[in-house]
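Position one of the sequence shown corresponds to residue 1 (the UniProt record's numbering), numbered consecutively onward. Note that the Cβ used here is the ideal one computed from N, Cα and C, for glycine as well. Below: the structure, in structure tokens.
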Amino acid sequence: MERPITPQERPVPPALASHIAPLSPFLERHDVLEICINRPGEVFVEYANGTWERVELPDLTYAFLTGLVATVGTFSRQKVNETTPLLSGSLPQGERIQIVLPPAVPADTVSITIRKPAQRTFTLDELLGQGMFDGVTNAPSALSGEDEALLGHHRNGDWKAFLRAAVLAKKNILVSGSTGSGKTTFSKALIPLIPTDERLITIEDTVELELPQPNVVRMIYSKGSQGEAKVRARDLLESALRMRPDRIFLQELRDASAFYYLRNVNTGHAGSITTIHADSATLAFEQLALLVKESEAGRDLKRDEIKDMLYQMVDVVVQIKKTAAGRRVTEVYFDPCRKLGGAA
1 MERPITPQER
11 PVPPALASHI
21 APLSPFLERH
31 DVLEICINRP
41 GEVFVEYANG
51 TWERVELPDL
61 TYAFLTGLVA
71 TVGTFSRQKV
81 NETTPLLSGS
91 LPQGERIQIV
101 LPPAVPADTV
111 SITIRKPAQR
121 TFTLDELLGQ
131 GMFDGVTNAP
141 SALSGEDEAL
151 LGHHRNGDWK
161 AFLRAAVLAK
171 KNILVSGSTG
181 SGKTTFSKAL
191 IPLIPTDERL
201 ITIEDTVELE
211 LPQPNVVRMI
221 YSKGSQGEAK
231 VRARDLLESA
241 LRMRPDRIFL
251 QELRDASAFY
261 YLRNVNTGHA
271 GSITTIHADS
281 ATLAFEQLAL
291 LVKESEAGRD
301 LKRDEIKDML
311 YQMVDVVVQI
321 KKTAAGRRVT
331 EVYFDPCRKL
341 GGAA
């Protein structure tokens with residue numbers, strides 16, 4: 001009986017092989033996990049030790065990358081173009097690939113994320129020997145040291161220290177206010193606090209957020225499905241989850257995609273900073289509950305169940321209002337004890 005062909009032994013179509021060739025040094029390394037192209041001329045490589053490396057590759061021109069996308073589309077028998085700019089598929093040797101084209105990313109850029117398959121399978125004994133379970137704790141019955149420190153800053157009114165620590169701790173932050181209150185301006189002030197070695201993905205209907213971090217993908221959806229590509233925020237969220245994000249930023253929570261977004265940032269992609277239209281922190285949770293009820297997944301949930309869930313998902317609410325003295329933060333909600341069944 002013939003031995004089955006492994007993914008690594010499968011033949012690669014010549015056209016695809018020639019386009020993948022510049023990435024071969026990374027694809028062939030056993031310590032490489034992810035290969036991410038955010039724009040022409042460079043690639044970000046993640047290694048097994050968790051570090052990222054930026055590598056300049058001048059040969060990766062926009063024309064070359066669109067050629068690579070076309071060959072991947074042909075190989076996977078999928079259409080990918082300006083009207084259908086998202087592709088999720090596999091390469092011949094088992095790597096997963098996610099592609100985003102304009103207009104779902106800025107013009108003259110292409111986002112390509114390649115995830116290499118695991119090189120080997122470990123036994124439970126091997127995982128134990130590697131310390132896999134060393135960090136296991138019982139369900140928390142008391143606040144973490146991190147939350148204790150945040151509560152201290154909160155009680156002392158040291159808002160700069162509180163917000164810096166909240167961002168570094170990857171707390172989910174919701175900036176609430178009316179139209180023109182300064183929500184986006186405030187969000188922009190928080191983003192530079194994020195470490196520069198994190199990979200960030202933004203989802204906006206217009207490009208507004210400014211990100212100084214180098215490893216960034218900016219995705220754009222069609223508001224009201226009016227653009228050439230009828231790409232919804234949820235479509236981009238699904239794509240973002242396959243693009244190795246450390247954090248995902250949705251510009252504003254305003255429709256049924258809010259529930260999908262919050263649910264996913266709480267499954268390994270915490271540290272969200274987003275905005276909502278509401279007049280207080282309490283009303284921000286009420287507005288979120290209404291958005292959840294609009295979603296297919298949340299329409300059958302009871303309101304109390306939804307609110308309990310939201311208080312688990314959202315860590316910080318910063319309320320901003322326009323006053324006679326100018327735009328002011330009027331409330332900062334943070335209650336980690338509520339997650340444990342108590343009150344701060």
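Separation of residue j from residue i, as counted between CA atoms
i, j, result
"PRO92", "LEU283", "51 Å"
"ALA240", "ILE112", "11 Å"
"LYS183", "THR109", "28 Å"
"residue 345", "ALA165", "In the structure as shown, the chain begins at 1 and stops at 344. Residue 345 is therefore absent and cannot be evaluated."
"GLN98", "SER76", "12 Å"
"ILE220", "LEU237", "11 Å"
"VAL69", "VAL318", "42 Å"
"VAL231", "GLU126", "44 Å"
"LYS339", "ARG299", "23 Å"
"VAL100", "LEU87", "7 Å"
"GLY41", "ALA104", "19 Å"
"GLY89", "TYR260", "22 Å"
"LYS307", "GLY152", "26 Å"
"ARG29", "LEU23", "10 Å"
"GLU294", "MET313", "18 Å"
"LEU193", "GLN119", "35 Å"
"LEU27", "VAL329", "49 Å"
"PHE122", "GLN130", "10 Å"
"PHE249", "LEU124", "36 Å"
Beta-bridge partners of residue i, as assigned by DSSP
i, result
"LYS322", "ARG327"
"TRP159", "The partner list for TRP159 (beta bridge, DSSP) is empty, contrary to what the question assumes."
"TYR47", "VAL32"
"THR113", "CYS36 and GLN98"
"VAL332", "VAL318"
Per-residue burial, residue i [other beta carbons within 10 Å of its own, 16 or more giving buried]
i, result
"ASN172", "buried"
"SER178", "exposed"
"VAL55", "exposed"
"GLN251", "buried"
"LYS79", "exposed"
"ALA278", "buried"
"ARG155", "exposed"
"PRO13", "exposed"
"PRO85", "buried"
"LEU200", "buried"
"THR206", "exposed"
"ARG303", "exposed"
"GLU46", "buried"
"PHE133", "exposed"
"VAL136", "exposed"
"SER257", "buried"
"ASP315", "buried"
"GLN287", "buried"
Whole-number beta carbon distance between residue j and residue i, since they are thought to touch under 8 Å
i, j, result
"GLU331", "ALA281", "5 Å"
"ALA229", "GLU82", "6 Å"
"LEU247", "SER272", "In the sequence as presented, Leu is not what sits at residue 247; that position holds Arg. 7 Å between Cβ atoms; contact."
"ILE191", "LEU168", "Wrong, their Cβ atoms sit about 13 Å apart, outside the cutoff."
Residue i: CB within 6 Å of a non-hydrogen atom of the ligand NAP
i, result
"VAL55", "Ligands in the displayed structure: none, and consequently the ligand NAP is not present."
Cβ of residue i within 7 Å of any chain B Cβ
i, result
"LEU27", "In the structure shown, chain B cannot be found, because there is only a single protein chain."
Uninterrupted alpha helix (DSSP H) stretches inside the segment 202-232 (no shorter than 4 residues): none
Unbroken stretches of the beta strand (DSSP E), 3 residues or longer, contained in the segment 125-201: 173-177
Alpha helix (DSSP H) segments (min. 4 residues) lying fully within the segment 247-304: 257-265 and 281-294
Length-filtered (4 minimum) alpha helix (DSSP H) runs lying within the segment 34-99: 62-76
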